[in-house]
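To keep things clear, I will list the structure first and then write my remarks on it.
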Amino acid sequence: MSNLTPLGHARVYRDDSGELVIDTDSLRRGFAGDDFGDDYDDEDFDGDFEGDFDGDDDFEDDDDFGARGSRSRRKKRRQSRRENRRENGLMANVRDRREKRKQKGRKSMSKNTDEWVATAVGDSTTSTAAGAISLEITPQHDFEADTIVFTGSSSGAKVTTVFFADQVAWSNSSGLPVDVFSATNTLGALLKGQFIRGGLSIVINGTVEGSGDTFQATITGKKPRVSC
16 MSNLTPLGHA
26 RVYRDDSGEL
36 VIDTDSLRRG
46 FAGDDFGDDY
56 DDEDFDGDFE
66 GDFDGDDDFE
76 DDDDFGARGS
86 RSRRKKRRQS
96 RRENRRENGL
106 MANVRDRREK
116 RKQKGRKSMS
126 KNTDEWVATA
136 VGDSTTSTAA
146 GAISLEITPQ
156 HDFEADTIVF
166 TGSSSGAKVT
176 TVFFADQVAW
186 SNSSGLPVDV
196 FSATNTLGAL
206 LKGQFIRGGL
216 SIVINGTVEG
226 SGDTFQATIT
236 GKKPRVSC
């Protein structure tokens, strides 16, 4: 048997008669690592074999074929790392913004608390007949309540509901006598912490025993300091 001389790598086909046909146009003179003798030192194949099949549609989508598969896998890994870094960076930015808003909110609350001063609002009305009566107090500034008393109201008057704007702050369908509300007891502090914007009304409903009776309320609390 005669010796075979290695010529390299090329596409091989089978024709209709069963004979093998070599595509000499695709002939390559050896892969890195193949023992093709001195032919491997040919300057045409100096370095990596990457790119030999660029433009070949037969291998365009084959990620597992040689160097092309390795490049595709490396590319996917790099892309995944970039996406992870980008996502982690975005989440870090979101966390930073949330923390800054919280800190800003805490500073704003502290500042606003320091700029609030003590105040009191109140009003009175006189009944035209026995029965239901209503008193409306409208602060011209933001107001946070502390205590409520009904000093000056006629004996026998009772309180049934207190509204801060359209919100019920306190209610008792039977009504409580005005003289049980004191700045030093729990009932006097029942409105503590209730807040209303300036220009909105505090409405106090109750009952009186006769015509000409007085229904009067005073609410202590805090308002923003006015800067000069």
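In my numbering, the protein residues as written are 16 to 243. Cβ atoms here follow ideal geometry from the backbone N, Cα and C, with glycine treated the same way.
Where residue i and residue j are concerned, what is the direct C-alpha to C-alpha distance, given to the nearest angstrom?
{"i": "T153", "j": "D138", "result": "9 angstroms"}
{"i": "V223", "j": "R116", "result": "50 angstroms"}
{"i": "V193", "j": "L202", "result": "10 angstroms"}
{"i": "T39", "j": "R86", "result": "27 angstroms"}
{"i": "T162", "j": "A145", "result": "27 angstroms"}
{"i": "R112", "j": "V195", "result": "50 angstroms"}
{"i": "N187", "j": "K173", "result": "10 angstroms"}
{"i": "E98", "j": "V36", "result": "47 angstroms"}
{"i": "V27", "j": "G33", "result": "12 angstroms"}
{"i": "N18", "j": "R89", "result": "42 angstroms"}
{"i": "D228", "j": "V132", "result": "33 angstroms"}
{"i": "A198", "j": "T143", "result": "29 angstroms"}
{"i": "V183", "j": "V177", "result": "6 angstroms"}
{"i": "T20", "j": "D31", "result": "27 angstroms"}
{"i": "L215", "j": "G167", "result": "24 angstroms"}
{"i": "R96", "j": "G23", "result": "39 angstroms"}
{"i": "G70", "j": "K91", "result": "Interpretation of G70 is limited by its pLDDT of 47, a score under 50 that renders its predicted location unreliable; the figure taken from the coordinates is listed afterwards. Whole-angstrom Cα-Cα distance: 21 angstroms."}
{"i": "Q94", "j": "G213", "result": "57 angstroms"}
Could you give the residue range of the beta strand (DSSP E) that holds residue i?
{"i": "K237", "result": "229 to 239"}
{"i": "K173", "result": "173 to 179"}
{"i": "E159", "result": "158 to 164"}
{"i": "G137", "result": "131 to 141"}
{"i": "Q155", "result": "It is not in any beta strand (DSSP E) - Q155 carries neither H nor E in the DSSP assignment."}
{"i": "G203", "result": "No beta strand (DSSP E) holds G203; DSSP gives it neither H nor E."}
{"i": "L191", "result": "182 to 192"}
Based on Cα-Cα distance, which residue from the options lies nearest to residue i?
{"i": "S170", "options": "F230, D161, V136, F210", "result": "F230"}
{"i": "G236", "options": "I148, L205, F158, S142", "result": "F158"}
{"i": "A232", "options": "L191, I37, F165, V36", "result": "F165"}
{"i": "K207", "options": "D228, F179, L215", "result": "F179"}
{"i": "S189", "options": "A147, L205, T140", "result": "A147"}
{"i": "D181", "options": "Q209, N200, S168, A204", "result": "Q209"}
{"i": "A160", "options": "I234, G214, N200, W185", "result": "I234"}
{"i": "L42", "options": "V136, R29, D30, A25", "result": "A25"}
{"i": "S217", "options": "P21, S95, D31, W185", "result": "Looking at the sequence provided, one finds Ile at residue 217 rather than Ser. Per the Cα distances, W185."}
{"i": "L205", "options": "L191, R29, S168, R93", "result": "L191"}
Measure the CB-CB distance between residue i and residue j and report whether it falls below 9 angstroms.
{"i": "L150", "j": "I211", "result": "no"}
{"i": "E114", "j": "P239", "result": "no"}
{"i": "G221", "j": "T175", "result": "yes"}
{"i": "T140", "j": "H156", "result": "no"}
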